[in-house]
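Below is one structure, written out as structure tokens, with a few remarks after it.
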Amino acid sequence: MLAASVACAALCFSGRAEADSVMELIGVMQASEHYKERVTAVIGLARLRSPRSVPALLAQLEDKHHAVRGVVAAALGKIGDRRALETLRALAASDKNTFVRRQAKRAIRAIERAKPRAPATPPVRPMRSMKLAGTLGSLDAGLIQQTVNQNLGRVTRCFNTSFQSQPFLGGEVKLRVRVKRDGSVKWLRIEHSNLGSRRSESCILATMRYVRFDRPSGGEAEFTIPLRFGGGDAPRLLTRGSAVARALRARCRALLGAASAPPDLTITAYVKRGRVVSAGLSSAAAPISDAFANRLIRGLTRAALGHTGRRVAKLTYSCR
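Using numbering that gives the first Met the number 0, you'd call the opening residue of the sequence shown number 0 and step up by one each time.
Here it is, written out as structure tokens:
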């Protein structure tokens, strides 16, 4: 039982919104030098049962104190997120401490018995169908799906690295991939994205670039891989007629500068108090270089786009 490990301090019963509580508890868990405080923070996260805490909890399984590792394992079992299974199995087999191994085994059983709940689903998953181009070689969609599933863990980490500090992130990313005859990736790019996190998008590209697919029949194959990310705090959605969109439209030419931008360049930005706090780019027509993306997003973060209130707002806009 979690309660038997350590008495829960008042920290576990914060009266703030869950989003703030999760981040506060993660901060204590990661920063405190006293293991009892770290344990207390973990118990608080277990009580909240937020899937957003899972990546931080998994990282905390490296804690030097066995009591923290054990309570983290128990917390993961209580949250019931299947993303934790692989790491918990490794912990149950290799940790030197009996208490930790026992808690890991209990957590594994709890997760395996639990019925999937909508809030506990992984934050990234392939969408329903893969689309293959018909003018090239062919590759079975089921084999593509299988390969993507095998690499979802690494793709998830790309998203979660940003998601931990920016819980408003969410959206879809569609990758276009060309696979060589031997199954290696010849090239890939983001054809469409409304995720709004260049950091996550770049990581996903770097991760998928080295994936090996099955060998296509009849030559090189080209297809799209749609991914969906979610599970966070929903931002307020802005329309193209909003004040922020009008302000962005007025600044597009200056932001793009002399560089030739793709004709269908799309920007997705999250705005808080009139400032861009995260942004991403996509284009179906051409790849977007890191230099161009970094310069454009740097300009976006410096621009004042009007008052949006304290709540994070999201805008997807074609900047031409």
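Every residue, glycine too, gets a C-beta built ideally from N, C-alpha and C.
- prompt: Which word fits leucine 60, buried or exposed, when buried means at least 16 other C-beta atoms lie within 10 angstroms of its C-beta?
  reply: On the sequence shown, position 61 is the one that residue 60 refers to. With 16 or more other Cβ atoms within 10 Å, it is buried.
- request: With distances taken Cα to Cα, identify the nearest neighbour of lysine 95 among Arg105, Leu75 and His65.
  value: Your numbering for residue 95 matches position 96 in the sequence shown. Distances from the alpha-carbon of lysine 95 to those of Arg105, Leu75 and His65 put His65 closest.
query: Is serine 128 helix, strand or coil by DSSP?
result: In the sequence shown, the residue the question calls residue 128 occupies position 129. At serine 128, the pLDDT of 48 sits below 50, so the modelled position is not reliable; the number obtained from the coordinates is stated separately. The DSSP-derived three-state label of serine 128 is coil.
- prompt: Among all the DSSP beta bridges, which residues are the ones paired with glycine 170?
  reply: Along the sequence shown, read from residue 1 onward, the residue named residue 170 stands at position 171. Note: glycine 170 sits in a beta bridge opposite Phe228.
- prompt: Taking three-plus beta-carbon pairs below 8 Å as touching, is the region 169-184 in contact with the region 293-304?
  reply: The answer is no - the region 293-304 does not touch the region 169-184, with fewer than three Cβ pairs under 8 Å.
- request: Enumerate in chain order the residues of its own chain whose CB-to-CB distance from asparagine 159 is below 6 Å, with the five nearest sequence positions on each side excluded.
  value: Here the question's residue 159 lines up with position 160 in the sequence shown. Excluding residues within five positions, the ones whose Cβ falls inside 6 Å are Pro54.
task: Determine the DSSP secondary structure at lysine 104, reduced to helix, strand or coil.
output: Locating residue 104 in the sequence shown gives position 105, counting from the first residue. Helix, per DSSP.
query: Considering only the beta carbon of each residue, do alanine 72 and alanine 106 sit closer than 8 Å?
result: Position 73 of the sequence shown, counting from 1, holds the residue named residue 72. Position 107 of the sequence shown, counting from 1, holds the residue named residue 106. Yes; because the gap between Cβ atoms is below 8 Å, this pair is in contact.
query: To which residues of the same chain is alanine 113 closer than 7 Å at the C-beta, ignoring the five residues directly before and after it?
result: The sequence position of residue 113 within the sequence shown is 114, counting from 1. Answer for alanine 113: Gly79, listed in chain order.
query: Could you check where the beta strand (DSSP E) with serine 192 kicks off and where it finishes?
result: If you number the sequence shown from 1, residue 192 lands on position 193. Taken as a continuous stretch (DSSP letters only), the beta strand (DSSP E) holding serine 192 covers 184-192.
field: Beta-carbon proximity of alanine 312 to glutamate 190, cut-off 8 Å
entry: As a working note, residue 312 is residue 313 in the sequence shown. As a working note, residue 190 is residue 191 in the sequence shown. With respect to glutamate 190, alanine 312 sits apart: the two C-beta atoms are not nearer than 8 Å.
message: Helix, strand or coil, according to DSSP, for phenylalanine 98 in the structure here?
response: Working through the sequence shown from its first residue, we reach residue 98 at position 99. Shown here, phenylalanine 98 sits in a helix according to DSSP, grouped into three states.
Per DSSP, the bridge partner or partners of phenylalanine 162: In the sequence shown, residue 162 corresponds to position 163, counting from 1. According to DSSP, phenylalanine 162 bridges with nothing at all.
message: For glycine 229 and glutamine 145, what's the separation of their Cα atoms in angstroms?
response: Here residue 229 corresponds to residue number 230 of the sequence shown, with the count starting at 1. Here residue 145 corresponds to residue number 146 of the sequence shown, with the count starting at 1. In this model, glycine 229 and glutamine 145 are separated by some 21 Å (Cα to Cα).
query: With 16 other CB atoms within 10 Å as the buried threshold, where does serine 259 fall?
result: Mapped onto the sequence shown, residue 259 falls at position 260. Around the beta carbon of serine 259, fewer than 16 other beta carbons lie within 10 angstroms, which makes this residue exposed.
message: Going by DSSP, what residue range makes up the alpha helix (DSSP H) through arginine 294?
response: As a first step, residue 294 is located in the sequence shown; it is residue number 295 there, counting from the start. Boundaries of the alpha helix (DSSP H) around arginine 294: 289-301.
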